[in-house]
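Shown next, in structure tokens, is the structure this report addresses.
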Amino acid sequence: MDSVVPADILGVQVTEHGPDTRIVTVTGEFDALTAPAVAAVLTEALAIAQVVVVNLDGVQYLASAGLRVLIEAKDLASEKGRDLRLVCHSPSANRVLDGSGLRDHFNFADSVPMTLSQ
């Protein structure tokens with residue numbers, strides 16, 4: 000059973016940057032309701048691309064379910080020999096990443112263009 004997440008709650012956009020890179024831009028609320036949709040997109044992107052950049056700049060709310068999706072995506076990327084990178088200037092998302100002590104678990108870049116040049 001697929002759940003449909005209203006566009007005013009969550010936005011997920013995938014952009015190709017060359018054959019081996021996908022940029023996944025997440026906006027809105029990344030919580031228990033929306034986490035499965037983001038997880039599905041990240042899993043699909045990691046199946047195709049060597050590098051997946053997750054842009055969290057537009058995330059207004061990051062719950063523990065969203066954080067769990069990011070951790071699972073990072074683990075999946077490691078298992079597949081892929082590179083998962085985060086870009087995050089969202090104050091609320093950064094509070095969760097800092098407060099959880101998991102910031103060091105991820106590879107961060109200052110901007111999407113900067114992470115693509117790494």
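Numbering of the sequence shown is given in numbering that gives the first Met the number 0, commencing with residue 0 and proceeding in unit increments. The beta carbon of each residue, even a glycine, is placed where N, CA and C say it ideally should be. Quick caveat, the model's predicted, so the values are computed rather than measured.
Bridge partners - residue i, DSSP secondary structure assignment
{"i": "Ile22", "result": "Thr14, Val52"}
{"i": "Leu9", "result": "Gly27"}
{"i": "Gly57", "result": "Thr26"}
Enclosing beta strand (DSSP E) for residue i [first to last residue]
{"i": "Asn82", "result": "The identity of residue 82 in the sequence shown is Asp, whereas the question assumes Asn. From DSSP, the beta strand (DSSP E) with Asp82 extends over 82-86."}
{"i": "Phe107", "result": "106-108"}
Rounded distance between the beta-carbons of residue j and residue i, thought under 8 Å
{"i": "Ile70", "j": "Leu101", "result": "7 Å"}
{"i": "Val11", "j": "Val52", "result": "Their Cβ separation, rounded to whole angstroms, is 13 Å, which puts Val11 and Val52 out of contact at 8 Å."}
{"i": "Val95", "j": "Leu45", "result": "So it is not a contact: roughly 22 Å between Cβ atoms."}
{"i": "Phe107", "j": "Leu85", "result": "5 Å"}
{"i": "Cys87", "j": "Leu55", "result": "4 Å"}
{"i": "Val37", "j": "Val68", "result": "5 Å"}
{"i": "Ala48", "j": "Thr20", "result": "6 Å"}
{"i": "Ser89", "j": "Val58", "result": "5 Å"}
{"i": "Lys73", "j": "His104", "result": "6 Å"}
{"i": "Ala76", "j": "Ala31", "result": "No, Ala76 and Ala31 are not in contact; Cβ-Cβ is about 23 Å, not under 8 Å."}
Continuous alpha helix (DSSP H) stretch holding residue i: start and end
{"i": "Ala76", "result": "63-79"}
{"i": "Ser91", "result": "90-99"}
{"i": "Leu32", "result": "From DSSP, Leu32 is part of no alpha helix (DSSP H); its letter is neither H nor E."}
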